[in-house]
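Worksheet: the structure to be examined is printed underneath.
In this note's numbering, the protein residues as written are 2 to 551.
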């Protein structure tokens, strides 16, 4: 039930009589006699009547979704007040109301938020702390709790798992117990300020969201002409003035230079901009750089919101060793206890054979691996070539296998087989030219995706690296094997190199499984505190935008 205007006006009149200014003795007397502080009276803790919770839900049908949580929360604390202490409203109430005030998430309705703010303003006055048995205090108490559960769900959980999976996100979602979370925050009020129960990038992105919102509020940045790409160091043009203003507003150019000259400072600012967008940092205004410069501030705000939503879908904390592959960044990052140890480049799936977003545990290192050719590649790409070239297997260092036995390819009548009827397995023998290189790293999964070396090292020189059939080629396979085996003194560097060049497949099971997260973030905050943006290589951002109604 919403508090009506007349009802609110009546409350204000009532409080104006019972909470007069402290400037007179009469007022002091009224405060002492009429205003009982907090939920404790005569040394005895006062608690809510359990019926009050159900009455609240009846009067506020929009809170029915939280009925179970409200009942459970207060039952577990023996119905003691959560948001009040012996002095009246607890500081946690003010902290939570402040969270609501600065919230950036778009809400479809106010969830009786106006009632909460009205009552909070009336009852948080230092001049008058009313009796906690007053229905207004009970109303405010339950409004705070119900709004907290709604806020937590809205800000820290995100869209349903069904919806995130429909978007191709198969990373295990974090679990949140809202009642336990509220108890924790009430016992540690500083957590309201700096410890949101979300992956740390969420809070960092939220700060940048405020910055970009201010930029948009002040008119955004000017649209750079697509013709700006023809300019280089030493050139002059009025279009360069617009470019400088755009880079100054986004913080890439440190001084507000309104001259028409393409000078060294502008060249450096372009390089900074390119580094923040995963582009070749050469200060050259190539097509990809110009395209990124023409993205509006509003579009960047949408991109930040999309990636804040993704932050709600991953674990808050990570323990021990773990690996993260961020698809839009084409990078593998190696962490220990949430500290970045090192990174390297990766090559990922083409758009038609995109790398899946999921997580699993790395269990095996396979030295000198075979490459078991996927059935899809055999059917769609290989059979036709085999039928045309009788030396195909010799030239590609491959062999044919049937029921775990190697078969002489010359004994097979290849012409009678087609993509729909093919009983054999084909695999490439170990060696330096093997498609998987000299080592692969297995985290068994239904997608048949793994990390591996590659003989095609030149591909790592590209800034956009979508070339594979879905698996992940890594730039530093030796370093990864070295890192994963560092706790086993029997695996010296030389032994690892020998195993990689053995020419015979060798499986090594790790003593401890290492989590691998393959994720998709197109915006995040780097260790220096700057925001990074990447292209939406698989089109997932566009789908997210439609889901979030941005």
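Glycine included, C-beta positions come from ideal geometry on N, C-alpha and C.
| query | result |
| --- | --- |
| Residue span of the beta strand (DSSP E) that contains residue 334, given as start and end | 332–337 |
| Residue burial classification, residue 60 (beta-carbon count within 10 angstroms, cutoff 16) | exposed |
| Beta-ladder partner(s) of residue 344, from DSSP | 334 |
| Whole-Å CB distance - residue 310 paired with residue 166, under 8 Å assumed | So it is not a contact: roughly 14 Å between Cβ atoms. |
| Coil, strand or helix - residue 81 by DSSP | strand |
| Short Cβ contact (8 Å threshold) for residue 394 with residue 370 | no |
| Where residue 364 sits in the DSSP three-state scheme | strand |
| Presumed contact (8 Å Cβ cut-off) between residue 147 and residue 179, rounded CB distance | So it is not a contact: roughly 11 Å between Cβ atoms. |
| Rounded straight-line distance, which links the Cα of residue 264 to that of residue 313 | 43 Å |
| Enclosing beta strand (DSSP E) for residue 237 [first to last residue] | That residue, residue 237, is in no beta strand (DSSP E); it is neither H nor E in DSSP. |
| Terminal residues of the beta strand (DSSP E) in which residue 509 lies | 507–520 |
| Cα-Cα separation, residue 37 to residue 91 | Confidence at residue 37 is low in this model, with a pLDDT of 38, below 50, so its placement is unreliable and the value that follows should be read with caution. So the alpha carbons of these two residues sit roughly 15 Å apart. |
| Other residues of its chain near residue 452: CB distance less than 6 Å, five sequence neighbours each side excluded | 442, 473, 475 |
| For residue 90, three-class secondary structure by DSSP | strand |
| Rounded C-alpha distance that separates residue 434 from residue 456 | 6 Å |
| Meets three-Cβ-pair contact criterion under 8 Å: the segment 528–548 and the segment 268–286 | yes |
| Helix, strand or coil at residue 487 according to DSSP, with G and I counted as helix | coil |
| Nearest neighbour of residue 465, chosen from 428, 380, 351, 550 [CA to CA] | 351 |
| Cβ-based burial, residue 304 [other Cβ within 10 Å; buried from 16] | buried |
| Neighbourhood of residue 535 by C-beta, 6 Å cutoff - its chain only, sequence neighbours within 5 removed | 279, 329, 330, 523 |
| In DSSP terms, what residue 524 is bridged to | 534 |
| Residues bridged to residue 421 [DSSP beta-bridge criterion] | Looking at the DSSP assignment, residue 421 forms no beta bridge with any residue, so it has no partner. |
| Distance CB(residue 210)-CB(residue 302) smaller than 8 Å | yes |
| Rounded C-alpha distance that separates residue 104 from residue 156 | 9 Å |
| Status (buried if at least 16 other CB within 10 Å, exposed otherwise) for residue 228 | exposed |
| Whole-angstrom distance between residue 143 and residue 57, CA atom to CA atom | 7 Å |
| Beta-carbon proximity list for residue 348, same chain, < 6 Å, skipping 5 on both sides | 460, 466, 468, 469, 474 |
| Nearest neighbour of residue 80, chosen from 139, 168, 386, 445 [CA to CA] | 139 |
| DSSP state of residue 323 mapped onto helix, strand, coil | strand |
| Bounding residues of the beta strand (DSSP E) (the contiguous stretch that carries residue 426) | 426–429 |
| Strand pairing of residue 446, partner residues [DSSP] | Bridge partners of residue 446: none, in fact. |
| Residue 175 in three-state terms, based on DSSP | coil |
| Touching by the beta-carbon criterion (3+ pairs, under 8 Å), the segment 423–440 and the segment 496–505 | yes |
| Cα-Cα separation, residue 332 to residue 481 | 13 Å |
| Cut-off 6 Å between Cβ atoms - residues of its own chain near residue 527, not counting five sequence neighbours on either side | 533 |
| Three-pair Cβ contact test at 8 Å for the segment 252–264 versus the segment 232–241 | yes |
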